[in-house]
Amino acid sequence: MEFRRARREEAEEILQLYRSLIGTEYCVWTENYPTEREVEFDLSRNALFCLHERMPEPDERGRLIGTISIDDDPEVEALSCWSEDLTPVAELSRLGVAVEYQNRGIARILLQEAMAELKSQGYKAVHILVAKDNVKALRSYEKLHFTTAGECELFGHSYWCYEKEL
């Protein structure tokens, strides 16, 4: 597998992955989120990462199997639950794994790679919102030793606020 920054020419493929997850178990995404706007926002900041299957030929790009973004959402960062000692901090968001690759540890790989990228950029901690009923995601964050900072109601959903020191 290959983890790397997303490229502008992959925008449609990324959006298709997002849309393929709408309505799947535990997913709170809708036709209104995430959209082209979020993909473009993430690409414009070099903040969108992809995980691809590795292909036998170096010039071939393997199938997109997952994505994760480093988000910049003032509403999330303004939540009062976050530890003030863990700064600078970044938020991870829009973690998605193709349905046929779920339950194979791909989400953990995406999280670990994104956290390594953030650490290399000088970040000390990471925040992420997790839908309260997303049992699979909650297990992944616990295995990666995230701690529960609090809970919130945002964007019409209930979330656990998780954080982790890098």
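Residue numbering for the sequence shown is 0 to 165, as defined by numbering that gives the first Met the number 0. Note that CB positions come from ideal geometry on N, CA and C, so glycine has one too.
Residue range of the beta strand (DSSP E) that includes Ala10
Reading the sequence shown from its first residue, position 11 is the one you call residue 10. Note, Ala10: premise wrong, no beta strand (DSSP E); alpha helix (DSSP H) at 10-20.
Please state whether DSSP places Arg4 in a helix, a strand or coil.
The residue labelled residue 4 in the question sits at position 5 within the sequence shown. Three-state DSSP puts Arg4 in a strand.
Taking a contact to mean a Cβ-Cβ separation below 8 Å, would you say Pro87 touches Tyr122 in this structure?
The residue labelled residue 87 in the question sits at position 88 within the sequence shown. The residue labelled residue 122 in the question sits at position 123 within the sequence shown. The answer is yes: Cβ separation under 8 Å.
Within 10 Å of its beta-carbon, does His156 have 16 or more other beta-carbons around it, so buried, or fewer, so exposed?
Counted from its first residue, the sequence shown places residue 156 at position 157. By the 10 Å Cβ count, His156 comes out exposed.
Once you ignore the five residues that flank Thr146 on each side, which residues in its own chain have a CB closer than 8 Å to its CB?
As a working note, residue 146 is residue 147 in the sequence shown. Around Thr146: Tyr161, Glu162, Lys163.
Selected residue, minimal CA-CA separation from Leu50, among Ala77, Ile13, Arg36
As a working note, residue 50 is residue 51 in the sequence shown. Answer by Cα proximity: Ile13.
Separation of Ala136 from Asp84, as counted between CA atoms
To locate residue 84, count along the sequence shown from 1; it is residue 85. To locate residue 136, count along the sequence shown from 1; it is residue 137. So the two alpha carbons sit approximately 25 Å from each other.
Cα-Cα separation, Thr23 to Tyr158
Here residue 23 refers to the residue found at position 24 of the sequence shown. Here residue 158 refers to the residue found at position 159 of the sequence shown. Each residue's alpha carbon lies about 18 Å from the other.
Based on the DSSP secondary-structure assignment, which residues constitute the bridge partners of Cys160?
Along the sequence shown, one-based indexing puts residue 160 at 161. Per DSSP, Leu128, Gly149.
Rounded to the nearest angstrom, how far is the Cβ of Arg107 from that of Lys142, given a contact under 8 Å?
Counting from 1 along the sequence shown, the entry for residue 107 is found at position 108. Counting from 1 along the sequence shown, the entry for residue 142 is found at position 143. That belief holds up - the Cβ atoms of Arg107 and Lys142 are roughly 7 Å apart, short of 8 Å.
Buried versus exposed call for Ala148 [16 or more other C-beta atoms within 10 Å across all chains shown]
In the sequence shown, the residue the question calls residue 148 occupies position 149. Label assigned to Ala148: buried.
Check Arg138 in the structure and name its three-state DSSP category.
Here residue 138 corresponds to residue number 139 of the sequence shown, with the count starting at 1. The answer is helix: DSSP assigns Arg138 an H, G or I state.
Helix, strand or coil for Asp71? Go by DSSP, reduced to three states.
To locate residue 71, count along the sequence shown from 1; it is residue 72. Coil, per DSSP.
Quick check on Tyr167: does DSSP put it in helix, strand or coil?
Outside the shown range of the chain (0 to 165) lies residue 167, about which nothing can therefore be said.
Do you know how far the Cα of Val125 is from the Cα of Ser82?
Locating residue 82 in the sequence shown gives position 83, where the first residue counts as 1. Locating residue 125 in the sequence shown gives position 126, where the first residue counts as 1. So the two alpha carbons sit approximately 11 Å from each other.
Expressed to the nearest angstrom, what Euclidean distance is found between the alpha-carbon atoms of Ala89 and Ile69?
The residue labelled residue 89 in the question sits at position 90 within the sequence shown. The residue labelled residue 69 in the question sits at position 70 within the sequence shown. Going from the Cα of Ala89 to the Cα of Ile69 covers about 7 Å.
Are at least three pairs of beta-carbons, each pair with one atom in the segment 40-47 and one in the segment 100-119, less than 8 Å apart?
no
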